[in-house]
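Residue numbers (the working numbering): -3 to 274.
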Ligand SMILES: C[S@@+](CC[C@H](N)C(=O)[O-])C[C@H]1O[C@@H](n2cnc3c(N)ncnc32)[C@H](O)[C@@H]1O
């Protein structure tokens, strides 16, 4: 019987990617290449069970990490290493290609940064932002072997971002900050959780088609801790109303600058989501 940690990781990589609706061999290989035990601290590990509660794993056997579970990184702050199948689905939507420049917002201790680094390869680059200094320090240490990664102990909502093919966001915003949309190259993808102040939000994939036009797709309902500096109460209310009354299937484009028209799905400050094609 092959019961090694490598065998568990290989099964997990297949399981989370295929159960997320993708069969992309590059994504399976990327998850298979990154040891989760290198990013979540020493075991036994706190497994998130909802409502701010955690259950410790039965031992520090790293094979236990290769399940579709969230692991606490800083439990007192509610910061977790996110659910693998959710990230598999979001990474499939972000579609980082070899050679791409990626900005990762909310890197935590770097596990999904490492998966992104595998996907872009040595010709690509991942610039990871983490606002909590201790987590950023852990990420930098955990990712020290990745020459194509740099970690910034800083907020990704202050100032400009570097030009990016992919911006992958792991904390809940009420709106896409203008600087993030500006940083997207033509053809670039922004995957971000748009979340109201209470309850579940929605994971959006935004693709920049050209200087002015952005396509948008709602991927799934999600819950995330807040993205500091990318939240306001008025947009939260507009988003909560849209999520209550409207179908996710109607989301088709993101508009900037233009006044909202009757196709508006959700209206923010200087941007809105439309149910019409870009
Ligand atoms: C849900 S945790 C995810 C951590 C990591 N992606 C993982 O799954 O292991 C979200 C992270 O975003 C960070 N964060 C929140 N606002 C941020 C901001 N404005 N800039 C950078 N990081 C931020 C938090 O400190 C937290 O570590």
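For glycine and all other residues, C-beta sits at the position ideal for the given N, C-alpha and C.
Source: prediction; values computed, not measured.
Counting only unbroken stretches of 4 or more residues, the alpha helix (DSSP H) elements lying wholly within the stretch 2 to 72 are 21 to 29, in sequence order.
In the structure shown, residue 151 falls within a coil segment according to DSSP collapsed to helix, strand and coil. As DSSP reads the structure, residue 185 sits in a beta bridge with 162, 203. With a cut-off of 6 Å, the C-beta of residue 152 is classified as near ligand 1, since at least one heavy atom of the ligand falls inside that distance.
Boundaries for residue 86: no beta strand (DSSP E) harbours it, while the alpha helix (DSSP H) harbouring it runs 80 to 90, taken from the DSSP string. Residue environment for residue 77: buried (at least 16 other C-beta atoms within 10 angstroms of its C-beta). Ligand 1 has a heavy atom closer than 6 Å to the beta-carbon of residue 131. Annotated as distal: residue 126 and residue 119, with beta-carbon spacing of 7 Å or more.
With fewer than 16 other CB atoms across the displayed protein chains lying within 10 angstroms of its CB, residue 15 is exposed.
Counting of Cβ neighbours within 10 angstroms places residue 0 among the exposed residues, the total staying below 16. Between residue 114 and residue 158 the beta-carbon gap is near 20 Å, outside 8 Å, which marks them as no contact. Rounded to the nearest whole angstrom, the C-alpha separation of residue 249 and residue 170 is 16 Å. Using a Cβ distance threshold of 7 Å, residue 86 and residue 167 do not count as a contacting pair. Bounds of the beta strand (DSSP E) holding residue 77 are 75 to 77. Setting aside the 5 residues that flank it on each side, residue 252 is surrounded in the same chain by 177, 266, 267, each with a C-beta closer than 7 Å to its C-beta; the list follows chain order.
Within the chosen limit of 6 Å, ligand 1 does not reach the beta carbon of residue 33 with any heavy atom. Of 36, 39, 88, the smallest CA-CA separation from residue 23 is found for 88. In the three-state reduction of the DSSP assignment, residue 250 falls in the strand class, which pools E and B. Across the set 93, 72, 239, the C-alpha of 93 shows the shortest separation from the C-alpha of residue 185. For residue 133, the enclosing alpha helix (DSSP H) starts and ends at 129 to 138. Per DSSP, reduced to three states, the secondary structure at residue 109 is helical. By the neighbour-count definition (other C-beta atoms within 10 Å, threshold 16), residue 160 is a buried residue. Sequence-distant Cβ neighbours of residue 8 in its own chain, meaning closer than 6 Å and more than five residues away, are 62. CA-CA distance, residue 60 to residue 6, rounds to 13 Å.
The residues 59, 62, in chain order, have a CB closer than 6 Å to that of residue 4 in the same chain once the five nearest residues on each side in sequence are set aside. Just so you know, the alpha carbons of residue 155 and residue 102 end up roughly 16 Å apart. Assignment of residue 244 by DSSP, reduced to helix, strand and coil, places it in the helix class. Distances taken from the Cβ of residue 39 to the heavy atoms of ligand 1 include none shorter than 6 Å. When 10, 180, 229 are compared, the shortest CA-CA separation from residue 190 is found for 229.
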